[in-house]
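**Q**
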Amino acid sequence: MKEFKKQVKNVVRVLYRATPQHKHMFVALMKMTGSNCAVTADGLNDARALSEANVGFAMGLGGCAVAKEHADIIILDDNFKSVFSAIKWGRNIFDNVRKFLTFQMTVNMSCLFIVAVTGATLGMSPFSVIQLLWLNLVMDTLAALALGTEAPHPTVLRKERIKKKDKIFLPIMWRSILSQFVYQALVMLILLYFGPSMFDISYNLASTELRDDGSPTNRLVHYTFLFQTFFLMNWFNQINCRKIGSQDEKELNVFSRMYDNWWFCIVLLAELNIQ
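Residue numbering for the sequence shown follows my numbering, starting at 961 and increasing by one per position.
1) I'd like the list of long-range same chain contacts for L975, defined as Cβ closer than 7 Å, with 5 residues on each side in sequence excluded.
2) Rounding to the nearest angstrom, what Cα-Cα distance links D1100 and W1094 in this structure?
3) Note down the Cα distance separating N1068 from A998, rounded to an integer number of angstroms.
4) One question on the structure: do Q1235 and F1063 come within less than 8 Å of each other, judged by their Cβ atoms?
5) Count Cβ pairs between the segment 1074-1088 and the segment 1118-1134 that sit closer than 8 Å; are there 3 or more?
6) Whether or not the segment 1030-1039 and the segment 1004-1014 are in contact is what I'm after, with contact meaning three or more pairs of Cβ atoms, one per stretch, closer than 8 Å; do they touch?
7) Mind checking Y1219: buried by the 16 CB within 10 Å criterion, or exposed?
8) Taking Cβ to Cβ, would you say W1195 is nearer than 8 Å to T1109?
9) Note down the Cα distance separating L1130 from T1115, rounded to an integer number of angstroms.
10) Using only the alpha-carbon positions, how far apart do C1225 and A1106 sit?
11) Determine the closest residue to L1092 out of A1103, L1072, A1111, with distance taken between C-alpha atoms.
12) With a CB to CB cut of under 7 Å and the five nearest residues on each side skipped, what residues in its chain are close to V1015?
13) Hey, could you find the ends of the alpha helix (DSSP H) G1079 is sitting in?
14) In the segment 982-1024, which residue ranges form an unbroken beta strand (DSSP E) of at least 3 residues, counting only runs that do not cross its ends?
15) For R1135, count neighbouring C-beta atoms within 10 Å of its own C-beta (all shown protein chains included) and say buried if the count is 16 or more, exposed if not.
16) Report the CB separation of F1187 from P1086 in whole angstroms; it is logged as a contact under 8 Å.
17) Which of the three DSSP states is assigned to I1035 in this structure?
18) Beta-carbon separation of D1037 and G1020 under 8 Å?
19) Distance, Cα to Cα, K983 vs I1128?
20) By the 10 Å Cβ neighbour count, where 16 or more other Cβ atoms means buried, how is G1022 classified, buried or exposed?
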């Protein structure tokens, strides 16, 4: 088998006048050597080779129905250059999922920590139910729309291909998640316990209750300030997450190519205006 793989790698360049059985056998042997095979076909007799390959491409215009049925990807315009676009956007989707997960993990961990600490020490959460629903909307729906529509990085095809065993969470993602979590938790704890004295809205943190009619109290002003701060920290972190898992991890300018994605800009402005 090793000798066969060596001969294929060093000798075989073009396989001509091959029968459908030869194509199927060749693909099966290549897979047995550990290689990943792609087959492009449009004929009725190529169905077995298309099914055997790791990825089968069928022609959308000139291909027969049987070939399309056994293929994994159908090239609608019969232009093989479209495969490169499919690979580029496929890798980009994987990167965008990583960006979204980085942002979501940060918001979840920070929000859970603040609610747990305030509930254990002060007896109530600084965030109301409506505020938590709004944070959940920003964290899930709007963040997915903003980060999921990022265009592919110019160097996406130069990157090593994604393997099945690759982990979805990269070290740079954990670094971003943990550093942002520590930063947000520290800021929120300082504002929670020292904010009233810092901004001259002192009150008894443990005993002062919110009024049922919603009239302003120092506690209400304090909690509103906490919510605004928490939202803005994650709003800016949403911009940071654009570069998490990108093709160029040394790219420090988080605003580069930002205006290429109008959906991201629209979502950011909408979140800020609604807030």
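Where a beta carbon is used, it is the ideal one built from N, C-alpha and C, also for glycine.
Being a predicted model, the structure only gives us computed values, none of them experimental.
**A** In short:
1) F986
2) 10 Å
3) Cα to Cα, N1068 sits roughly 41 Å from A998.
4) no
5) Verdict: no, contact absent.
6) yes
7) exposed
8) no
9) 19 Å
10) C-alpha separation (whole angstroms): 8 Å.
11) L1072
12) Sequence-distant Cβ neighbours of V1015 in its own chain, meaning closer than 7 Å and more than five residues away, are A998, D1032, I1033.
13) 1041-1081
14) 998-1001, 1015-1019
15) exposed
16) 7 Å
17) strand
18) Cβ atoms of D1037 and G1020: closer than 8 Å.
19) Here the alpha carbon of K983 sits roughly 35 Å from the alpha carbon of I1128.
20) So G1022 counts as exposed.
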